[in-house]
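Enquirer: Here it is, the structure, as structure tokens.
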Amino acid sequence: MIDKVAVLGLGTMGGAMAERLHAAGLEVWLWNRTASRAEPFRARGFHVADSAADAVAAVDTVVTMLFDADAVRSVMTQALPAHGDGLIWMQSSTVGTVAAREFATMAEQAGVGFVDAPMLGTKDPAAGTLTELVAGRPPTSRL
Numbered sequence: 195m196i197d198k199v200a201v202l203g204l205g206t207m208g209g210a211m212a213e214r215l216h217a218a219g220l221e222v223w224l225w226n227r228t229a230s231r232a233e234p235f236r237a238r239g240f241h242v243a244d245s246a247a248d249a250v251a252a253v254d255t256v257v258t259m260l261f262d263a264d265a266v267r268s269v270m271t272q273a274l275p276a277h278g279d280g281l282i283w284m285q286s287s288t289v290g291t292v293a294a295r296e297f298a299t300m301a302e303q304a305g306v307g308f309v310d311a312p313m314l315g316t317k318d319p320a321a322g323t324l325t326e327l328v329a330g331r332p333p334t335s336r337l
């Protein structure tokens, strides 16, 4: 079961995903490269981490919704060493299949469950109308 989620990346999609997760009653930790984007969430009960690693250390599930593969690679490199037991990393950024395989390998080498989870849909993501295509190996079935 998922109790604590980190959303790394608070653009249009990441911010909307964080809102939906919070509305569902989950404890949500946030990190964004531009820290000021996360601050408005703090007053509404979100946890705002100083670093991606701090966010990852506090949760059982991570969602990345970042700009590109380079951003995901950088964040995973910095944050994977901070993970706790049983972490699942759900990568939703648009990165392509080659990068997705690379990130799955990075997670596996760190002992982290990995899910490639690209999104379908761009309009009104906060309305809960996105479709997510999720693929991963056990223990990711708890998602």
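Take any residue in the sequence shown, count from 1 to its spot, add 194: that is its number in the numbering used here. Just so you know, even glycine gets a beta-carbon here, dropped at the ideal spot from N, CA and C.
List the whole-angstrom C-beta distance separating V201 from L224, where the pair is believed to meet the contact cut-off of C-beta under 8 Å.
Expert: 6 Å
Enquirer: When the Cβ atoms of the stretch 229 to 244 are set against those of the stretch 289 to 299, are three or more pairs found closer than 8 Å?
Expert: no
Enquirer: Am I right that R304 and L274 are in contact with their C-beta atoms under 8 Å? What's the rounded C-beta distance?
Expert: Arg is not the amino acid found at residue 304; the sequence shown has Ala there. Confirmed, about 4 Å.
Enquirer: Whose C-alpha, out of E296, G205, H277 and V269, is nearest the C-alpha of K198?
Expert: H277
Enquirer: Taking only runs that begin and end inside the stretch 272 to 315, name each unbroken alpha helix (DSSP H) of 4 or more residues, in chain order.
Expert: 291 to 303
Enquirer: Cα-Cα, which of M207, M259, V269 and T255 is closest to G307?
Expert: T255
Enquirer: Using the Cβ count rule (16 or more neighbours within 10 Å means buried), how would you classify T258?
Expert: With 16 or more other Cβ atoms within 10 Å, it is buried.
Enquirer: Given that a residue counts as buried once 16 or more other Cβ atoms are within 10 Å of its Cβ, and exposed if not, what is F240?
Expert: buried
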